[in-house]
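Worksheet for the structure shown next.
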Amino acid sequence: MKHPGGVLARAALAGVPLLASCRAAALDEPRPWRDAALGTARWLESVAQPTGSGLAWAAVSAESAEPVSSLYAGAPGVVLFFLELGASTGDEHWLGLARAGADELLAGLPAPDTSVADEAAGLYTGIAGVGFTLGEVWRVTHDGRYRAGLEHCVALLDSSAQTSPSSPGVAWSTNNDVIAGTAGIGFFLTWAAEALDASRPAELARLAGARLESLGEPVGPGLDWPMDPGYPRRMPNFAHGTAGIAAFLARLGRTEPAVRGADYLLSIADRSDGFRVYHHTPDGTDLFYYGWCHGPCGTARLFRELELAEGAARWRELELQCARAVEVSGLPERRLAGFWDNVSRCCGSASVIELFVELHEHTRDPAALEFARRVAADLVARGTRDEHGLRWIQAEHRVQPELLQAQTGLMQGASGIGLALLHLDAAEHGRAWLIVLPDEPR
């Protein structure tokens, strides 16, 4: 179903300024998104696993499940959600839970002489994501233990960086992507350099960019990057391919290869109504996702990074075209092959909320906020409520639709969904976000 009067239609009115943001809601107005986030928090608290050091969370809520410490699936995402909820409510209880989760992450840090490579180094899979989480707790609490934990994670990445006689720069594996590879680690290092006001993480990020730039493969006028040279599929969108890698290069100010990455995506995109890029080659060119991982919600971040780097209006237009593809897809009512029984931050509705709230933040177009509300209402209605709170039982994998689980983490679970709802509440009430992930344009 086509959404009338959408973001693209309003923003395309030449010479007409975008409308101002909606007024901050009165104190006695309902706050359905924060109320849903509070229900989510109660459920996450109910499935926390006490340890000798603090609190841990498994990816799924089954009693036998082992704790996980990746930003994608485990405790870091829960900690970040509790930080945002504490900022939204002013309730110290949620900050206390965030600290308990961070204490367990501190206790589990590898020894200084440990080599972190492959997924153990990654932003969403390893030490870079843990470092970001500890850094955010430090920035809220000003507790030096968490800053020391962040510095320890940077030092581990520094000592584990791999050079090559045949390529410039550094990497931590053959994986180039945002999820587990060099681009995601690079995003974390640029964040850490700013947070710590330190030159070494900035230098490591620069070296990571040099490596990635050297690995871009010319395709016509553009550049394409594989997730890993040994992997048979090319997945060109944000999580595993060219869009995410080029976005990191744009963040570094390496605009020439970043623009060529965008040119490659332009050459393969479906632009019949908006902007969307297929899931993968060679056998997935007729499959279109719509979320952060393989869809317009993630790919739009490349165009936003290029707009921030260059200031050119064409990048804003392409970002809006990504939003247009989501608007005309029939979401949230229609379930698609690339938007199945999933409402998560990675693949589903939460990523749509994040995109449209971000668009509202930098365009002030009320249509963007209205679409985010519409998706959020559908998302909340799909939740499961009981005496423990609110959670979402969903399918993570399109090819395993029967595998339905309630997850806790950032990218496929309740904490990421709750974070998106809090960001929407913040937009409605004039509150700045607390948690901005390293790969989010800022």
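Start counting the sequence shown at 24; every next residue gets the next number (the working numbering).
Even for Gly, the Cβ is constructed at its ideal location relative to N, Cα and C.
Per DSSP, cross-strand counterpart(s) of residue i
i, result
"E240", "D247"
"F362", "L359"
"H303", "G307"
"I416", "A429"
"R257", "T304"
"P73", "L78"
"R408", "L413"
"V83", "Q430"
"A194", "Q185"
"D293", "R299"
"P319", "Paired residues: none, contrary to the question."
For residue j and residue i, the rounded distance between their alpha carbons
i, j, result
"T148", "L331", "27 angstroms"
"A292", "L382", "21 angstroms"
"S12", "S367", "For the chain, the structure presents residues 24 to 465; residue 12 sits outside this window and is missing."
"L354", "V398", "8 angstroms"
"V459", "E342", "19 angstroms"
"V351", "D296", "8 angstroms"
"E174", "A121", "19 angstroms"
"R454", "A110", "9 angstroms"
"A43", "L445", "In this predicted model, A43 has a pLDDT of only 33, less than 50, meaning its place in the structure is not dependable; the value taken from the coordinates is given anyway. C-alpha separation (whole angstroms): 21 angstroms."
"T265", "L378", "19 angstroms"
"A184", "A270", "21 angstroms"
"E328", "G412", "37 angstroms"
"H317", "G77", "35 angstroms"
"S237", "H165", "39 angstroms"
"Q466", "G97", "One cannot answer for residue 466 here, as it falls past the ends of the chain, which runs 24 to 465."
Simplified DSSP assignment, three categories, for residue i
i, result
"I202", "coil"
"L108", "helix"
"P464", "coil"
"P90", "strand"
"I458", "coil"
"A221", "coil"
"A47", "Any answer about A47 is weak, because its pLDDT of 40 lies below 50 and its placement is not dependable; what the coordinates show is given next. Residue state, collapsed to three classes: coil."
"A125", "helix"
"A96", "coil"
Assumed close pair residue i, residue j - CB separation to whole angstroms, cut-off 8 angstroms
i, j, result
"A231", "G209", "4 angstroms"
"T197", "D251", "5 angstroms"
"A125", "G441", "Between G441 and A125 the Cβ distance is about 17 angstroms, and since that is not below 8 angstroms, they are no contact."
"V160", "L106", "7 angstroms"
"A228", "L275", "7 angstroms"
"G321", "F261", "3 angstroms"
"N199", "P249", "7 angstroms"
Using 8 angstroms as the threshold, is the region 168–187 in touch with the region 106–119, meaning 3 or more CB pairs across them? no
Would you call the region 255–272 in contact with the region 291–311, where contact means no fewer than 3 C-beta pairs closer than 8 angstroms? They touch, by the three-pair rule.
I'd like to know if the region 195–205 and the region 216–223 are in contact, where contact means that at least 3 CB-CB pairs between them fall below 8 angstroms. no
Spell out a yes or no on whether the region 150–169 and the region 88–107 are touching, meaning 3 or more CB-CB pairs, one atom from each, closer than 8 angstroms. Yes, since at least three Cβ pairs between the region 150–169 and the region 88–107 fall closer than 8 angstroms, the two stretches touch.
Would the region 238–255 and the region 428–436 be scored as touching if the rule is three or more Cβ pairs under 8 angstroms? Contact annotation: the region 238–255 does not touch the region 428–436, with fewer than three C-beta pairs closer than 8 angstroms.
Report yes or no: do the region 75–91 and the region 135–142 share at least 3 C-beta pairs separated by less than 8 angstroms? With a cut-off of 8 angstroms, the region 135–142 and the region 75–91 do not count as touching, because too few Cβ pairs lie within range.
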